[in-house]
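Student: Chains as they are written, first to last, in the working numbering: chain F, 14 to 271; chain W, 98 to 444.
Set out below in structure tokens:
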């Protein structure tokens with residue numbers, strides 16, 4: 014070992030190579046930036062940047078392609094899992110993931126999501142749940158909590174007439190086709206570490222051809238919640254996590270077709 | 098001997114299509130049934146999706162990934178697919194849609210009709226775009242025009258529709274198709290824009306969202322230029338017995354077959370009648386209709402609807418031409434006798 018190498022400081026943290034060197038457009042306190050970074054880190058760690066194809070859903074996450082340095086397809090609202098199915102069937106040896114919000118995935122795209130999961134498509138679905146339609150201006154989403162005021166539930170969501178917030182992770186975990194289902198959050202450093210582990214696990218299981226993998230990421234939307242970033246993170250802890258409990262809901266140890 | 102619907106499916110295999118995504122609807126089920134049996138034999142993928150919406154979006158994904166891909170459907174299913182068709186046009190992606198019409202509006206009925214001419218030739222979904230649309234009139238053309246649809250769709254990076262009806266889908270005729278070529282022997286264009294993973298090149302993006310100031314206007318003009326090129330280079334039609342004709346009939350698809358019988362009867366009585374048959378209904382053969390109508394200024398348009406293509410004929414003909422219309426909507430068929438009677442009325 015040369016003296017030069019010995020003296021060189023070991024790099025322990027840096028910008029992921031798959032994350033373009035541009036500033037995010039996201040609002041202060043929004044967690045999309047965190048999730049983008051975790052996705053880029055996972056891609057780097059598996060060394061799959063050149064064989065990964067992302068499918069961007071409609072919503073604030075659509076600009077995925079401005080930040081992550083991979084091939085990206087933009088899907089119509091809700092259809093990302095159908096697009097990902099098409100991409101994955103053509104390139105079965107590639108890593109294919111979708112990046113979708115709650116309006117996209119749990120409302121208009123719920124059929125595409127459930128059936129892609131049920132077919133056990135070898136894709137990873139990253140579901141950013143912030144309980145509102147963010148990009149369109151904070152309307153009520155399928156995951157909006159009871160009592161939560163949004164621009165289209167100005168008196169607070171009521172189960173009579175507006176129904177209950179949908180628990181996507183729990184629903185998908187019941188399907189035979191899903192290999193990995195987890196719910197994570199971005200409100201504390203500890204939760205961010207767990208979120209990173211779950212995203213990595215989902216990619217790893219896809220690479221290992223284990224089946225459909227799904228990570229629901231509870232995320233803050235301070236702008237549409239009318240809160241500052243700190244209060245928004247507190248809301249995730251005090252209101253979202255009790256209704257949407259964190260953890261790994263399902264993890265196969267053998268592939269579903271074995 | 099082959100059924101029309103199967104000729105479409107076989108045409109797709111001959112064109113190098115190895116991916117099909119669809120959803121059952123009458124009267125086009127022979128296409129998915131045939132492909133579910135035949136595609137696995139050639140290493141292809143057949144997937145019955147959860148809906149027409151999902152299947153057109155799977156087609157979009159497979160197309161963006163660089164594959165030749167097809168879906169098929171009928172009226173209500175095509176209405177649902179219009180979202181994806183608009184996105185295909187917006188994202189400049191190829192893809193072939195086989196359309197075996199049923200009567201509408203609504204659930205309608207399953208008999209033969211040409212009531213979807215307007216939907217198919219006007220774009221169909223939201224936005225300033227068109228789909229390439231080919232209208233076969235025989236089982237042989239169901240095969241050959243499906244192959245052409247794949248070529249044109251790739252050439253223009255735009256969705257292409259093959260428009261047929263229950264008559265064409267169900268009838269059996271002799272066809273010449275030859276041996277199935279091996280995939281590597283099929284001539285297909287390179288797709289450097291396809292999403293294959295950014296190996297050894299910059300990352301690529303397939304999208305239809307253009308939010309920048311003025312970007313969308315540039316994109317719309319780009320599409321317009323493509324459609325102008327399409328009109329110039331790939332307009333298809335057939336002219337029969339027009340040389341000496343005093344009356345020109347314009348008719349397409351299965352209807353034109355019945356018109357031919359009517360023309361034969363008219364000719365036997367000494368009436369000089371000919372046919373101009375649009376094969377591409379988008380682009381419509383405007384120039385051919387205009388030129389023919391300079392010499393023959395009596396025109397009779399016959400369709401199995403209440404009058405859709407007749408509007409394209411009216412804007413295309415020479416100003417002096419006199420355009421008449423005879424239509425049978427809702428599954429009604431113009432018999433050769435009906436057609437002869439119409440010919441005599443306007444001759």
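Glycine residues also receive a C-beta, built at the ideal position from the N, C-alpha and C atoms.
1) Is the separation between the beta-carbon of residue 360/W and that of residue 397/W shorter than 8 Å?
2) Verify whether the separation of the beta carbon atoms of residue 231/W and residue 209/W is less than 8 Å.
3) Any heavy atom of the ligand COA closer than 7 Å to the Cβ of residue 136/W?
4) Residue 181/W touches chain F at which residues, Cβ-Cβ below 9 Å?
5) Distance, Cα to Cα, residue 382/W vs residue 394/W?
6) For residue 293/W and chain F, any beta-carbon pair shorter than 8 Å?
7) Flag residue 107/F as yes if its beta-carbon sits less than 8 Å from any beta-carbon of chain W, otherwise no.
8) Step through the CB atoms of chain W and report whether any lies within less than 8 Å of the CB of residue 63/F.
9) Does any residue of chain W bring its CB to less than 8 Å from the CB of residue 98/F?
10) Within 10 angstroms of its Cβ, does residue 172/F collect 16 or more other Cβ (buried), or is it exposed?
11) Which residues of chain F have a Cβ atom closer than 7 Å to the Cβ of residue 116/W, listed in chain order?
12) Where DSSP assigns a beta bridge to residue 231/W, which residues make up the other side?
13) Exposed or buried, which one is residue 243/F when buried takes at least 16 other CB atoms within 10 Å?
14) Taking the straight line between their C-alpha atoms, what separation do you get for residue 282/W and residue 112/W?
15) Looking at C-beta atoms only, is the number of pairs between the segment 224-244 of chain W and the segment 282-296 of chain W that lie closer than 8 Å three or more?
16) Cβ of residue 356/W within 8 Å of Cβ of residue 364/W?
17) Taking only beta-carbon atoms, is residue 14/F less than 8 Å away from chain W?
18) Just to confirm the assignment, what range does the beta strand (DSSP E) spanning residue 335/W have?
19) Can you look up residue 345/W in the DSSP assignment and give me helix, strand or coil?
20) Please confirm if residue 113/W has its CB atom under 8 Å from at least one CB of chain F.
21) From this set, 263/F, 24/F and 77/F, which residue's C-alpha is nearest residue 114/F's C-alpha?
22) Does the beta-carbon of residue 116/F have 16 or more other beta-carbons within 10 angstroms, so that it is buried, or is it exposed?
23) How close, in whole Å, do the beta carbons of residue 345/W and residue 339/W come, if the pair is a contact with beta carbons under 8 Å?
24) Given residue 182/F, which residues of its chain have a CB within under 6 Å of its CB, disregarding the five upstream and five downstream residues?
25) Please tell me whether residue 89/F and residue 71/F are closer than 8 Å, where the distance is taken between their beta carbons.
26) Closer than 7 Å, Cβ to Cβ, to anything on chain F: give me those residues from the segment 330-360 of chain W, in chain order.
27) Assess contact between the segment 103-110 of chain W and the segment 124-138 of chain W, defined as three or more Cβ pairs (one per stretch) separated by less than 8 Å. Is contact present?
28) Would the beta-carbon of residue 250/W fall within 8 Å of that of residue 197/W?
29) Name the chain F residues that come within less than 8 Å of residue 389/W, Cβ to Cβ?
30) So, with DSSP's three-state summary, where would you put residue 394/W?
31) Pick out whichever of 310/W, 368/W and 405/W has its Cα sitting closest to the Cα of residue 438/W.
32) If I follow the unbroken beta strand (DSSP E) through residue 192/F, where does it start and stop?
33) Grab me the residues of residue 160/W's own chain with a C-beta within less than 8 Å of its C-beta, minus the 5 sequence neighbours each way, in chain order.
34) Grouping DSSP H, G and I as helix and E and B as strand, with all else coil, what is residue 98/F?
35) List the DSSP bridge partners of residue 372/W.
36) If we define contact as Cβ-Cβ less than 8 Å, is residue 306/W a contact residue for chain F?
Tutor: On the basis of the coordinates in this document:
1) no
2) no
3) In the structure shown, the ligand COA is absent, as is every other ligand, since no ligand is present at all.
4) 89, 92 and 95
5) 17 Å
6) yes
7) yes
8) yes
9) yes
10) exposed
11) 102 and 103
12) 259/W and 377/W
13) exposed
14) 10 Å
15) no
16) no
17) Confidence at residue 14/F is low in this model, with a pLDDT of 47, below 50, so the placement of that residue should be treated as unreliable; the coordinate-derived value is given next. Judged by the 8 Å Cβ criterion, residue 14/F is not in contact with chain W.
18) 334-337
19) strand
20) no
21) 77/F
22) buried
23) 6 Å
24) 194, 196, 229 and 262
25) yes
26) none
27) yes
28) no
29) Those do not exist, as residue 389/W stays about 42 Å from chain F at its closest Cβ, beyond 8 Å.
30) coil
31) 368/W
32) 191-198
33) 166, 185, 190, 191 and 192
34) helix
35) 337/W and 346/W
36) yes
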